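Note that our numbering gives residue 288 to position 266 of the sequence shown, counting from 1, and the numbers run on in steps of one.
Backbone N, C-alpha and C define an ideal beta-carbon position, used for all residues, glycine too.
Keep in mind it's a predicted model, so treat the numbers as computed, not measured.
For reference, the structure is listed below as structure tokens.
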Amino acid sequence: MPAVPYGWYGVLRSAELRPGRVVSLHYFGRALIAFRGSDGRPAVRDAHCPHYGAHLGAGGKVVDGAVECPFHGWRFGPDGRCVKAPFAHRNPKVSLGGFPVREHSGLIFVHVGPDEPSWEVPEIPEAESRRYARPIDDTCRARIHIQEMRENIVDESHFHFLHGQSEPLVQDWRSDGPFAEARGRILRRVLGRDIDNTFDAFMYGPGVMVVRTHGPALSVTAVALTTPVDDRASEMRMLYYIRKPARFPFLTPLLKLVFRREALGEVREEVRIWDHKIHQSRPVLLPHEKGIKALRRWYAQFYPPGLPLTQPRDRDLA
């Protein structure tokens, strides 16, 4: 599998990119910077100055909406083009590589691919709603491809062994172009009580997923941002938006505390497993394990055309 499937990826929260600041990033095997232009819109460009190779995120600053190199003062606008080179008779025709960028739902997204974006990530209303608490922000990295991070949500059997589901999960899978959806129910014990929750996982391309879980005690919207770091590691950033109880909003901190205790430990256990597993291009699946097959068929569209991708074995174990 190529390290970077084509599509949109969330690389920053909007609040992390203040005006006048240059933020260093490293994704897709590339050193990157992010900054805001004079109009406040974010830009994500390659980090190294084409003049002499300085890293623009290590001492660089924003001047008049352009990022200025700390070594020789060359400046580059949000579109990557050089707008100033001290002592030059005319500005050199050089640019910083970069990505199409969108900002909404409190997030900054970049698009990776050979062409201009043909679809968009929908807005996430919970990110701006006062009915939801400020998110629990949890980031981890593992030696795994982002496709396998996504396969986790449709791996029916692991919900029993890692998440306390009494039986393997039954899901309804649907897909439409770059979008897909998995719906199901989770019955598990929390603090000694049986909790029956519904969940709806909405997938927007290879790197963005929104999972809405509703139950009698707790409703959570989880925004899962899975992003390639390089050809060996991937990052998963989870933003958990907990809905405030309508009648008892003062209980929100307690709900967040319970959620951290019950959920984040399970995520860490999954990451430990991911960090040591290998990719099985033809896994031997049981008859009820249909989700991985469906997701792999859908996910194949985000790779270059003509790439031979092996599907799980058609003759599964009975």
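Sixteen is the threshold: when 16 or more other Cβ atoms of the shown chains lie within 10 Å of the Cβ of PRO200, as they do, the residue is buried. Assigned with DSSP and collapsed to three states, VAL84 falls in strand. DSSP, read as helix, strand or coil, puts ASN219 in strand.
For PRO250, the enclosing beta strand (DSSP E) starts and ends at 242–250.
By the beta-carbon neighbour count (other beta carbons within 10 angstroms, threshold 16), LEU276 is exposed. At a Cβ-Cβ threshold of 9 angstroms, ALA149 and VAL245 count as neighbours. In this structure GLN302 is exposed. Its beta-carbon is surrounded by fewer than 16 other beta-carbon atoms within 10 angstroms. GLY51 sits away from ASP177, with the two beta carbons spaced by 9 angstroms or more. A check of alpha carbon separations from VAL116 across HIS126, PHE324, VAL105 and PRO122 identifies VAL105 as the nearest.
Nearest in C-alpha terms to GLU170, of all of ALA255, VAL143 and ARG112, is ALA255. By a beta-carbon distance limit of 8 angstroms, ILE166 does not contact LYS83. Their separation comes to about 36 angstroms. HIS77 and ILE158 have their C-alpha atoms some 32 angstroms from each other. Under the 10 Å beta carbon count, GLY81 is surrounded by fewer than 16 other beta carbons and is classified as exposed. Put simply, of ASN219, VAL143 and VAL232 the residue whose alpha carbon is nearest the alpha carbon of GLU203 is VAL232. Separation of the CB atoms of VAL132 and VAL123 is rounded to 6 angstroms, and the pair is thereby assigned contact status at 8 angstroms. For TRP195, the three-state secondary structure derived from DSSP is strand. Inter-residue distance for ARG103 and LEU118 is about 6 angstroms (C-alpha atoms, whole angstroms).
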